[in-house]
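Only one structure is covered here, and it is reproduced in the block below.
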Amino acid sequence: MAAASTTSTQTRTRIVDAAAAVMRDLGLARATTKAIAAAAGYSEATLYKHFPSKEELFLAVLQERLPDLGGLLAALRDPDQDRSVAENLIEVAAQAVAFYTEGVPVAASIFAEPSLLAQHRERLAALGAGPQHVNAGLAGYLRVERDRGRLPAHLDPQAAADLLIGACFQHGFLLSYAGGTETDAQRREFATGIVTTLLGENPSP
Numbered sequence: 001m002a003a004a005s006t007t008s009t010q011t012r013t014r015i016v017d018a019a020a021a022v023m024r025d026l027g028l029a030r031a032t033t034k035a036i037a038a039a040a041g042y043s044e045a046t047l048y049k050h051f052p053s054k055e056e057l058f059l060a061v062l063q064e065r066l067p068d069l070g071g072l073l074a075a076l077r078d079p080d081q082d083r084s085v086a087e088n089l090i091e092v093a094a095q096a097v098a099f100y101t102e103g104v105p106v107a108a109s110i111f112a113e114p115s116l117l118a119q120h121r122e123r124l125a126a127l128g129a130g131p132q133h134v135n136a137g138l139a140g141y142l143r144v145e146r147d148r149g150r151l152p153a154h155l156d157p158q159a160a161a162d163l164l165i166g167a168c169f170q171h172g173f174l175l176s177y178a179g180g181t182e183t184d185a186q187r188r189e190f191a192t193g194i195v196t197t198l199l200g201e202n203p204s205p
């Protein structure tokens, strides 16, 4: 039984690895389940045993093969974490830039096919997923910090979240478009600048 479980896990891992590679090379629109299964060395039937749809496989790639932005946002809700708001936002911004730099090439091609985009949007919504959840999650965190008195009372959590995530998305898009790379230090320098400007203060080192 344990051996079967291990084999199933290994199969799933190979499928997700193949999906990440095919989606990067071909874009989401052209990355068919047939192409992904072939790249993984399995049949489509085997792929569908682990992932009922391409959207669920896409979510697995986002969650398991790209920088874990969602996990970081969830961790901000931990009442025991004691970092400053600025420190938390710098971590979010740095992770968001890394996520979008890698994620934009994967997802961009789907916008060329409106019908496929609509189908993709509907299926992600049915799974309780979608890009809007990043902004909403960050806005929720900022709302809590504002109510705790760690942010100005006049701060609009949704607007602040949109400004931060929007800047990170554009930075990642431009970097990906230019075919450039960025070190962790460079990414963190960008993140610090964005947060400093947004909060109007110098974050603690």
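Heads up: the sequence shown at position 78 corresponds to 78 in UniProt numbering, and the numbers run straight through without jumps. Ideal Cβ placement from N, Cα and C applies to all residues, glycine included. No experiment lies behind these values; they were computed from the predicted model shown.
| Asked | Found |
| --- | --- |
| Contacting residues, own chain, Cβ-Cβ under 7 Å from Glu-44 (five flanking each side not counted) | Thr-33, Lys-34, Ala-37 |
| Residues of its chain near Ile-110, where Cβ-Cβ distance is below 8 Å and the 5 sequence neighbours each way are ignored | Gly-27, Leu-28, Ala-29, Leu-116, Leu-117, His-120 |
| Cβ-Cβ distance between Ala-93 and Ala-191 below 8 Å | yes |
| Beta-carbon proximity of Leu-174 to Leu-127, cut-off 8 Å | no |
| Under the three-state DSSP convention, the category Gln-154 falls into | Checking the displayed sequence, the identity of residue 154 turns out to be His instead of Gln. If DSSP states are grouped into helix, strand and coil, His-154 belongs with coil. |
| Burial state of Gly-137, where buried means 16 or more other Cβ atoms lie within 10 Å | buried |
| Own chain partners of Arg-150 with C-beta closer than 6 Å, once the 5 adjacent residues on each side are dropped | Val-85 |
| 7 Å CB neighbourhood of Arg-187 in its chain, flanking five on each side removed | Ala-94, Val-97, Ala-98 |
| Touch test, the region 51 to 65 against the region 141 to 149, Cβ-Cβ under 8 Å, three pairs minimum | no |
| Cutoff 6 Å; reference Ala-129; Cβ partners in own chain excluding five residues on either side | Leu-59 |
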